[in-house]
Structure formats: C-alpha cells, structure tokens
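Engineer:
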Ligand SMILES: [Zn+2]
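Residue numbers (my numbering): 43 to 181.
Structure representation (structure tokens):
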C-alpha cells in the first residue's frame, strides 16, 4: 500500500526525529524507513508500526488525492454536493440539448469566491463546438 511520504516526513520532523530515531521508535530497520519516506510503499504491518511510534491512527498516514483547487481563485475551500442528481427545470447549458438534462451532475462550490463548477455530459460537450450562442473563450 501507499502512504503520504510528505505527511510522514512532516510528522517525523515535528518530533525532531532523524530517520534512524523513527526506525528505532517503530522497530523497523533504517532502510525500511528510508524506502517508505522515498516512495511511500509500505506493508500494513510497517504502516501500523510507524503510526504507533508517531502515536497516530494508521489511517492518518494514507496518501490523499491531490487537492482540487478552484480554477478561478486557487482556493482549496471547495464543497461538493455528495449525491448526483439531474436538472429537472431550466437547462443551465442552453442549446446543448436534452442530453445534459438527463446526465447526472455533481456541482461544487468554491467558498472563497463563489465559483460553481459542474461537469457536462459527453453529448453536450460535442454539441458546444457548433451550437448557436456558444463560442470558444480562447479562440
Ligand atoms: Zn474560488
């Protein structure tokens, strides 16, 4: 499995431990600690040993997906609606057909600037190039 190398190194540094000290505290050998900090690959047993040495829940070492940032302001304070749904009234992408209306969408909002994002169906995306009133922003 993979863990977050960045998070592991930060936790170790917060304790002012060397890799060797973490190895001793966790009962792992130094080479294992060095490998885990380099590429994040770790056995479940080693992950538990590291978490115990750092006094944290093993899940706190899990690799997290890269943060999704707002394309407008760059904030990471983004909330996403957790249940996919279909629009039932006005089409938010006028002229791109009913394909969008039947597509499940999952909107997200940037709490910093208010930017709202959602994904259009493939059919709607194909139509956008030729549909009336839709124009490429970047030429
Ligand atoms: Zn924003």
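Note that CB positions come from ideal geometry on N, CA and C, so glycine has one too.
Which of the three DSSP states is assigned to residue 78 in this structure?
Structural biologist: DSSP places residue 78 in helix when its eight states are reduced to three.
Engineer: How many angstroms separate the CA atom of residue 55 from the CA atom of residue 63?
Structural biologist: Residue 55 and residue 63: Cα-Cα distance of roughly 11 Å.
Engineer: At what residues does the alpha helix (DSSP H) containing residue 88 begin and finish?
Structural biologist: That run of the alpha helix (DSSP H) goes 86-96.
Engineer: Below 6 Å CB to CB, which residues in the same chain sit around residue 159 once its five sequence neighbours on both sides are set aside?
Structural biologist: Around residue 159: 150.
Engineer: Candidates 98, 97, 95, 50: which alpha carbon is nearest residue 76's?
Structural biologist: If we check each option's Cα against that of residue 76, 50 comes out closest.
Engineer: Does ligand 1 have a heavy atom nearer than 7 Å to the CB of residue 150?
Structural biologist: It does not: the Cβ of residue 150 is nowhere closer than 7 Å to a heavy atom of ligand 1.
Engineer: Residues in the same chain with beta-carbon distance under 6 Å from residue 68, minus the five sequence neighbours each way, listed in chain order, please.
Structural biologist: For residue 68, where only same-chain residues beyond five positions count, the Cβ hits under 6 Å are 91, 92, 95.
Engineer: Leaving out five residues before and five after residue 174 in sequence, what residues of the same chain have Cβ atoms less than 8 Å from its Cβ?
Structural biologist: Excluding residues within five positions, the ones whose Cβ falls inside 8 Å are 137.
Engineer: For ligand 3, is there a heavy atom less than 7 Å away from the beta-carbon of residue 78?
Structural biologist: With respect to small molecules bound, the structure shown includes ligand 1 and not ligand 3.
Engineer: Kindly give me the distance between the Cβ atoms of residue 120 and residue 155, rounded to whole angstroms, as I take these residues to be in contact under 8 Å.
Structural biologist: Not quite, the Cβ-Cβ distance comes to about 10 Å (not below 8 Å), so this is no contact.
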